[in-house]
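Numbering (our numbering), first residue to last: 966 to 1280.
Here is the structure we will look at, set down as C-alpha cells.
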C-alpha cells in the first residue's frame, strides 16, 4: 500500500517549507547547464530571502521572527522532504547563533543584506587582523557576501570582496553550491576573541539541522521507492509483490524510524551528546537507505533524470 511519511514537526511552518521546496525542485529540474542552474538557484535563494527565513532565530527587535529551535527545525524538515538545494542550516541556523549579541549584523542577516558562508573547520591562522588559510567544499549561498570564520576560539567576519581572497564555486551531486575558499593575508573583522562556546553551539545546531533534513529526505526516498514498486510491472505483476524487495523496503523503514527517534530525542534535549549520537547514526543509516533505494530501482536508480526528478521522470 502507498506510504506517506509523517513529519516529526507537523504544522503550518513545515507545510510552507515543504511547498517551497517542492516548487523549487520543479523549477530547477529541467535546468542542466551550469549557468542556468546557477541562475535558477540564485532566483530560489532570493525567494527564500523574501520569506524571511534567515531571520527565523533573529530577535524581533533586530527585524527577525524571534522563532525557536523547533520553528527552524520545522523549516528544515519541510525543506529536506524535497531536498531543497539551499544552505538552510548554515545561513538560517548556524550564522545567527554565531552572531548572537551582534545586533547590527543580525539585522543585516534578517534583511538578507548579509549572506554568509560559514567556515568552522581548522586550517586558518590570524595575525594583526589578517587571516590566511584554505577551506575546500564550503556550503554557500548562490551569491555570498561574507564568510563567518572561526580561527581557534576567535570569530572573524571576512568580506569576500576584499583583496587576498579567492574562491571557486562548484555544484555538488545533490545540487547544492559549495566554494573552495583561499585566503592570503586578507583583512578580517574580529567579532569575538573568546567565542569557543558560541562556535561549539553553532556546530551542534548545524549538525542537528542537517540530521532533521536528512530524516525528511530519507522518508521521501522510502515513499518514492514504494511508489515505484507498486507501479512498476515485471513478468505481468507489480515489483511490490516480490518478497525479497519487500524485505529490503522493510529494512529501510526500520532504519529510518530508528533514526527519526534519535533526532526527535535530540530536538527535545539538544545537548552535544544526543546530537553527536544522532549524527553518528545518520552516517550509517543514510548510506544504507540510499544504497537500498538504488538497488531496488535497479539501473534506473543511477540515471541523472531519476536523481533530479524522482523515478516518475525516468524512462
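In this text, a Cβ means the ideal position worked out from N, Cα and C, and glycines have one as well.
Keep in mind it's a predicted model, so treat the numbers as computed, not measured.
| When DSSP labels each residue in this structure, what does residue 1002 get in the three-state scheme? | As a working note, residue 1002 is residue 37 in the chain shown. In this structure, residue 1002 counts as helix in the three-state DSSP scheme.
| Short Cβ contact (8 Å threshold) for residue 1220 with residue 1254 | Stepping through the chain shown from its first residue, residue 1220 is reached at position 255. Stepping through the chain shown from its first residue, residue 1254 is reached at position 289. Closer than 8 Å, so yes.
| Burial state of residue 989 (16 or more Cβ within 10 Å) | For the purposes of this step, residue 989 is identified with residue 24 of the chain shown, where counting begins at 1. That one is buried.
| request: Give the single residue among 1079, 1110, 1116, 1073 whose Cα lies nearest to the Cα of residue 1089. | output: Taking the first residue of the chain shown as 1, we reach residue 1089 at position 124. Cα-wise, what sits closest to residue 1089 is 1116.
| field | Close-in-space but distant-in-sequence residues of the same chain around residue 1100 (CB under 7 Å, 5 per side omitted) | value | Translated into positions along the chain shown, residue 1100 becomes position 135. If we look at residue 1100 and ignore the five residues flanking it on each side, its Cβ neighbours are 1084, 1086, 1088, 1146.
| Taking residue 1059 as the reference, which of 1009, 975, 1175, 1076 has the closest Cα? | Locating residue 1059 in the chain shown gives position 94, where the first residue counts as 1. Considering only alpha carbons, the answer is 1175.
| Where residue 1080 and residue 1108 are concerned, what is the direct C-alpha to C-alpha distance, given to the nearest angstrom? | Working through the chain shown from its first residue, we reach residue 1080 at position 115. Working through the chain shown from its first residue, we reach residue 1108 at position 143. Their Cα atoms are separated by approximately 7 Å.
| query | In whole angstroms, what separates the C-alpha of residue 1249 from that of residue 981? | reply | In the chain shown, counting from the first residue as 1, residue 1249 sits at position 284. In the chain shown, counting from the first residue as 1, residue 981 sits at position 16. Looking at the two C-alpha atoms, the distance is approximately 30 Å.
| said: Taking the straight line between their C-alpha atoms, what separation do you get for residue 1046 and residue 1130? | reply: Taking the chain shown and counting its residues from 1, one reaches residue 1046 at position 81. Taking the chain shown and counting its residues from 1, one reaches residue 1130 at position 165. So the two alpha carbons sit approximately 35 Å from each other.
| said: Using DSSP's beta-bridge definition, name the partner residues of residue 1131. | reply: Position 166 of the chain shown, counting from 1, holds the residue named residue 1131. Residue 1131 is bridged to 1147.
| said: Considering Cα atoms alone, identify which of 1245, 1218, 1114, 1169 is closest to residue 1298. | reply: Because the chain in this structure spans residues 966 to 1280, residue 1298 falls outside the shown range and cannot be described.
| task | Taking only the alpha-carbon atoms, compute the straight-line gap between residue 1103 and residue 1261 and give it to the nearest angstrom. | result | What you label residue 1103 is simply residue 138 of the chain shown in a count that begins at 1. What you label residue 1261 is simply residue 296 of the chain shown in a count that begins at 1. Their Cα atoms are separated by approximately 32 Å.
| task | Can you tell me which of the three DSSP states residue 1080 falls into? | result | Position 115 of the chain shown, counting from 1, holds the residue named residue 1080. The answer is coil: DSSP assigns residue 1080 none of H, G, I, E or B.
| message | Three Cβ pairs or more, each shorter than 8 Å: is that satisfied between the stretch 1224 to 1231 and the stretch 1197 to 1214? | response | no
| task | Indicate whether the contact test is met: 3 or more Cβ pairs, each with one atom in the stretch 1151 to 1158 and one in the stretch 1024 to 1031, closer than 8 Å. | result | no
| task | Assign residue 978 to one of two classes, buried (16 or more other C-beta atoms within 10 Å of its C-beta) or exposed (fewer than that). | result | For the purposes of this step, residue 978 is taken as residue 13 along the chain shown, with counting starting at 1. Buried.
| query | How do the stretch 1037 to 1046 and the stretch 1119 to 1135 stand: do at least 3 beta-carbon pairs fall below 8 Å, yes or no? | reply | When C-beta atoms of the stretch 1037 to 1046 are compared with those of the stretch 1119 to 1135, fewer than three pairs fall below 8 Å, so the two segments do not count as touching.
| said: Taking 6 Å as the limit between beta carbons, can you name the residues of its chain near residue 1020, skipping five residues before and five after? | reply: Position 55 of the chain shown, counting from 1, holds the residue named residue 1020. Answer for residue 1020: 1029, 1030, 1075, listed in chain order.
| Do you know how far the Cα of residue 1138 is from the Cα of residue 1246? | What you label residue 1246 is simply residue 281 of the chain shown in a count that begins at 1. What you label residue 1138 is simply residue 173 of the chain shown in a count that begins at 1. Using only the alpha carbons, I get a separation of about 22 Å.
| field | As assigned by DSSP and simplified to three states, the class of residue 1262 | value | Here residue 1262 refers to the residue found at position 297 of the chain shown. Helix, per DSSP.
| Best match in 1013, 1142, 1200 for proximity to residue 1000 [C-alpha to C-alpha] | One-based indexing of the chain shown puts residue 1000 at position 35. Of the candidates 1013, 1142, 1200, the one whose C-alpha sits nearest the C-alpha of residue 1000 is 1142.
| field | Runs of alpha helix (DSSP H) lying entirely within the stretch 1038 to 1082, each at least 4 residues, in chain order | value | 1060 to 1063, 1068 to 1076
| To which residues of the same chain is residue 996 closer than 6 Å at the C-beta, ignoring the five residues directly before and after it? | One-based indexing of the chain shown puts residue 996 at position 31. Counting only Cβ-Cβ distances below 6 Å, and skipping sequence neighbours, we find 1002, 1005.
| task | Go ahead and pull the three-state DSSP assignment for residue 1019. | result | As a working mapping, residue 1019 is identified with position 54 in the chain shown. It is helical.
| In or out: residue 1009 buried (at least 16 other Cβ within 10 Å) or exposed? | Looking up residue 1009 in the chain shown gives position 44. The residue is buried, with at least 16 neighbouring Cβ atoms inside 10 Å.
| message | Just verifying my parser: in three-state terms, what is the DSSP assignment at residue 1110? | response | What you label residue 1110 is simply residue 145 of the chain shown in a count that begins at 1. Coil.
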